[in-house]
């Protein structure tokens, strides 16, 4: 199980990125989502707060869309 967070500040394209604990690109303004076995469930949780959500390219590549 990994700890996941969502960036409270949207990217320039409007996405709020989901990050795994320990990511080098972890934002300072973030909300803790919980512990999950995959980024899929973390993204689902983040979508309860934000409409546009994406996985971080570096730490959640399986959930990153272009």
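Numbering (this note's numbering), first residue to last: 1 to 66. Where a beta carbon is used, it is the ideal one built from N, C-alpha and C, also for glycine.
Report the three-state DSSP secondary structure of residue i (helix, strand or coil).
i	result
residue 7	strand
residue 41	helix
residue 20	strand
In chain order, what residues of the same chain lie with their CB nearer than 7 Å to the CB of residue i, ignoring the 5 residues before and after it?
i	result
residue 63	18, 39, 40, 43 and 55
residue 23	56, 58 and 59
residue 70	Absent from the structure is residue 70, since the part of the chain shown begins at 1 and ends at 66.
What residue from the options has the CA that sits closest to residue i's CA?
i	options	result
residue 52	6, 25 and 35	6
residue 20	1, 49, 8 and 13	1
residue 8	36, 48 and 37	48
residue 28	10, 36, 66 and 65	10
residue 31	66, 65, 50 and 61	50
Once the 5 residues before and after residue i are set aside, which same chain residues still bring their CB inside 6 Å of it?
i	result
residue 26	19
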